[in-house]
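Residue numbers for the sequence shown follow numbering that gives the first Met the number 0, beginning at 0 and rising by one. Cβ coordinates follow ideal geometry from the N, Cα and C atoms, glycine included. Here the structure is a predicted model, which is why all the values come from computation and not from measurement. Shown next, in C-alpha cells, is the structure this report addresses.
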Amino acid sequence: MRRCWLLFAQVVTVALALYFVVAALRPDWLARPSSRVEAAKVASNVSVLQAPSAAPAAGSYREAAGRAMPAVVNILTSKQRGREHPLMRDPFFRRFFGDRLPPEEQQASLGSGVIVSPDGYILTNNHVIEGADQIQVVLADGRKAPARLVGSDPETDLAVIRIDVPRLPAIVLGNDESVRVGDVVLAIGNPFGVGQTVTLGIVSALGRNNLHINQFENFIQTDAAINFGNSGGALVDTNGNLLGINSAIYSQSGGSVGIGFAIPVTTAKAVLDAIIRDGAVVRGWIGIETQDITPELADSFGLERQSGTIIAGVVRNGPADRAGLRPGDILLAVDGKEAGSTNDTLNLIAQLAPGGKATMTVMRKNRPARVDVTVGTRPRPQ
C-alpha cells in the first residue's frame with residue numbers, strides 16, 4: 000500500500016511539473032474557450048482563428064463617424080449640353096420626327112451634401128449644383144429623392160437644396176470658434192463616386208483667405224484627405240458635430256496632397272438662414288475698391304501709416320462717391336469696427352444693413368475724418 004501511495008505522489012508531482020512548464024511556455028493552450036482566440040470551422044472544414052468581439056480601441060473615432068455619416072448625402076446632378084432644337088418643343092414635330100433627331104447630351108457630375116434639418120434642408124457647395132437641370136440626392140441608407148434648389152450664394156460657394164423625405168437624420172452643428180490648430184477632424188463625403196468615405200486629419204490652419212477661390216474667404220485648412228466628389232461634404236469634430244463644409248483642395252494632380260479647405264459652420268449657418276428667410280444672401284455695399292497698405296505703397300502716397308487699407312477706387316455715383324469718400328483715403332474703421340486688411344474690410348462692409356447709414360472713419364492727408372455713407376445692396380455676381 001505504501002508503494003502505491005509513493006507511485007501516486009510521483010505521478011502527481013510529474014503532472015504538476017508539466018502543467019507549470021506548459022503554463023509558462025504556452026499559456027494559450029490552457030486558456031478557457033470564452034477568453035482566448037477560438038478555433039472555428041468553416042464550410043470546408045478548415046480551422047480558422049476568430050477574435051472575440053471587443054470594445055472600440057483607444058483612439059477610435061467610430062462613434063463620431065457613426066453620428067455624422069447618416070446626415071451626409073451623395074448629390075448627383077445633370078444638365079443639358081447645348082441648346083434644345085426649337086422644333087423639339089412642337090408636339091406635332093416631336094410625334095413624327097423626334098426619334099430621328101439625336102438625343103441631347105447630358106453632362107453629369109457628383110458631389111456631397113449635409114442634412115442640417117429634419118425638414119429636408121441640405122447644405123452643399125454652389126459649384127456642385129450650379130447650372131444643374133436635375134438634382135438627385137442619395138441618402139446614406141440608400142433612399143433616393145429629387146431635390147429642388149432653395150437658393151445659392153456664389154460668393155461663399157454655398158447652396159441650399161431641399162428634399163421631401165420622412166425620418167431624415169440631421170447633423171448637429173458644432174462651434175468653429177472653439178476650434179484650434181491641431182484639433183482632430185474627420186472629412187466625410189463621396190470621393191470619386193466610390194461611396195461614402197471617412198478620412199482623418201487635423202486642423203492645419205484657420206482663417207485662410209486671399210486664395211482667390213471665393214469672394215468671401217475664411218477657410219478652415221485640414222490635411223484630412225479631400226478629393227473630387229467630397230465637395231459639399233462634412234468636416235466634423237471628434238464628437239461628430241459639423242465644423243465646416245468641405246469646399247476645395249490645393250492640388251496640381253487633382254488628388255489630395257493634404258491641403259484641403261472647408262467653409263466654417265458659422266458662415267454656412269448665416270448663409271442658410273438668409274437663403275431660407277429671404278431667398279438670397281443680401282450684403283451691404285458702398286462701392287469702393289480697397290488695397291492693403293504696404294511700405295512701398297505708403298512711400299509712393301507719402302503716408303505716415305504703414306498698415307491698413309487704402310481706398311484705391313470709388314464707383315462713380317455709388318454710395319461712397321455720393322458721401323464724399325475719395326481714392327487715397329485710408330480706411331481706419333467701419334461703423335466703429337477697426338478695418339484691418341482688405342479681406343476684413345470687405346467682410347465688415349458686407350455685414351452692414353442695406354438702406355441704413357454707416358460711419359466710415361478715414362485718414363485723409365494724414366488727418367482723421369468721419370464720413371456718413373448710406374449703405375447700398377451688394378450686386379450679385381454675374
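Between which two residues does the beta strand (DSSP E) harbouring I134 extend?
-> It spans 133-137 - the beta strand (DSSP E) in which I134 sits, taken as one unbroken run.
C-alpha gap between V361 and D328, whole angstroms | The alpha-carbon atoms of V361 and D328 are separated by roughly 6 Å.
When burial is assigned at 16 or more other CB atoms within 10 Å of the CB, is H126 buried or exposed?
-> By the neighbour-count criterion, in which 16 or more other beta carbons inside 10 Å mark a residue as buried, H126 falls on the buried side.
Would you mind working out which of D343, T376, A63 sits nearest S352, comparing C-alpha positions?
-> According to the sequence as given, residue 352 is Ala; it is not Ser. Considering only D343, T376, A63, the residue with the shortest C-alpha distance to A352 is T376.
Given I201 as reference, the closest of L148, F215, A223 once Cα atoms are compared | The residue from L148, F215, A223 with its alpha-carbon nearest to that of I201 is A223.
Which residue spans inside the stretch 238-274 form an unbroken beta strand (DSSP E) run of at least 3?
-> Assignment of beta strand (DSSP E) within the stretch 238-274, counting only whole runs of 3 or more residues, yields 241-248, 259-263 in chain order.
Flag this pair as touching only if the stretch 265-280 and the stretch 223-239 have three or more C-beta atom pairs under 8 Å; answer yes or no.
-> Not touching, per the Cβ criterion.
With a threshold of 16 other CB atoms inside 10 Å of the CB of T341, please say whether the residue is buried or exposed.
-> T341 comes out buried.
Name the DSSP beta bridge partners of L122, please?
-> Looking at the DSSP assignment, L122 forms a beta bridge with V113, V159.
Three-state secondary structure assigned by DSSP to R35 | Its pLDDT being 44, under 50, R35 is placed unreliably in this model, and the coordinates cannot settle the point.
Using 10 angstroms around the beta-carbon of E5, count the other beta-carbons present and answer buried if the total reaches 16, otherwise exposed.
-> What sits at residue 5 in the sequence shown is Leu, not Glu. Under the 10 Å beta carbon count, L5 is surrounded by fewer than 16 other beta carbons and is classified as exposed.
Whole-angstrom Cβ separation of L330 and T308, contact assumed at under 8 Å?
-> Rounded, the Cβ-Cβ distance is 5 Å, consistent with contact.
Would you mind giving the Cβ-Cβ distance between V72 and V137, rounded to the nearest angstrom? I have them listed as a contact below 8 Å.
-> Contact flag correct, Cβ pair sits at about 6 Å.
Are there 16 or more other CB atoms within 10 angstroms of the CB of P367, so buried, or fewer, so exposed?
-> With a threshold of 16 other beta carbon atoms within 10 Å, P367 falls short and is exposed.
Sheet register partners of R276 (DSSP bridge) = R276 pairs with nothing; no bridge assigned.
Helix, strand or coil at R94 according to DSSP, with G and I counted as helix = Reliability of the predicted coordinates at R94 is poor, the pLDDT of 49 falling under 50, and the value obtained from them is presented with this limitation in mind. R94: helix per DSSP, three-state reduction.
Grab me the residues of L167's own chain with a C-beta within less than 7 Å of its C-beta, minus the 5 sequence neighbours each way, in chain order.
-> Around L167: I114, P117, G119.
Rounded straight-line distance, which links the Cα of L242 to that of N217 | Taking the straight line from one Cα to the other gives about 13 Å.
Residue ranges of each alpha helix (DSSP H) run of no fewer than 4 residues wholly in the stretch 163-232, ordered along the chain?
-> Correct list: empty.
What is the C-beta distance between A186 and I162, in whole angstroms, given that I count them as a contact (C-beta under 8 Å)?
-> Actually they do not touch by this definition, with Cβ atoms about 23 Å apart.
Nearest-angstrom Cα separation, counted from P55 out to L15 = Whole-angstrom Cα-Cα distance: 39 Å.
Expected contact under 8 Å - CB spacing of V133 and T76 to nearest Å = Per the sequence shown, residue 133 should be read as Gln rather than Val. Right, their Cβ atoms sit about 7 Å apart.
My guess is that E154 and P380 are in contact by the Cβ rule of under 8 Å, so how many angstroms apart are they, rounded?
-> P380 and E154 do touch by the CB rule: their CB atoms are close to 6 Å apart, below 8 Å.
Would you call G192 buried or exposed, if buried means 16 or more other Cβ atoms sit within 10 Å of its Cβ?
-> Taking all protein chains in view, the Cβ of G192 is surrounded by fewer than 16 other Cβ atoms within 10 Å, so the residue is classified as exposed.
For V280, which residues from the same chain have a beta carbon less than 6 Å from its beta carbon, with the 5 sequence-adjacent residues on both sides left out?
-> The answer, listed in chain order, is D152, V270, A273.
Decide if R94 is buried, meaning its Cβ has at least 16 other Cβ atoms within 10 Å, or exposed.
-> Because the pLDDT at R94 is just 49, under 50, the model does not fix this residue reliably, and the value given afterwards should be weighed accordingly. Around the CB of R94, fewer than 16 other CB atoms lie within 10 Å, so the residue is classed as exposed.
Buried or exposed by the 16-neighbour rule on C-beta atoms within 10 Å, applied to T344 | Here T344 is buried: its Cβ has 16 or more other Cβ atoms, across all protein chains shown, within 10 Å.
Using the Cα positions of Q49 and T123, report the straight-line distance between them to the nearest angstrom.
-> Spanning the alpha carbons of Q49 and T123 requires a straight line of approximately 43 Å.
Can you tell me which of L296, V374, A349 puts its alpha carbon nearest to the alpha carbon of N316?
-> Of L296, V374, A349, the residue nearest in Cα terms is V374.
From L234 to V184, what distance separates their C-alpha atoms?
-> Cα-Cα distance, rounded: 7 Å.
Can the beta-carbon of P318 be found closer than 8 Å to that of I292?
-> Not a contact, by the Cβ cut-off of 8 Å.
What whole-angstrom Cβ distance do V159 and V149 have, given they're in contact under 8 Å?
-> Indeed, because the Cβ distance is near 4 Å, the residues count as touching under 8 Å.
In whole angstroms, what separates the C-alpha of V313 from that of A297?
-> Spanning the two alpha carbons is a distance of roughly 19 Å.
Neighbour-count burial assignment, V256, 16 or more Cβ in a 10 Å radius | Exposed: under 16 other Cβ atoms inside 10 Å.
Proximity below 8 Å, CB of L457 to CB of I244 = With the chain represented from 0 up to 381, any question about residue 457 goes unanswered, as that position is not in the structure.
Taking only runs of the beta strand (DSSP E) that begin and end inside the stretch 327-375, which ones reach a length of at least 3 residues, in chain order?
-> Counting only runs of 3 or more residues that sit fully inside the stretch 327-375, the beta strand (DSSP E) segments are 329-333, 356-363, 366-373, in chain order.
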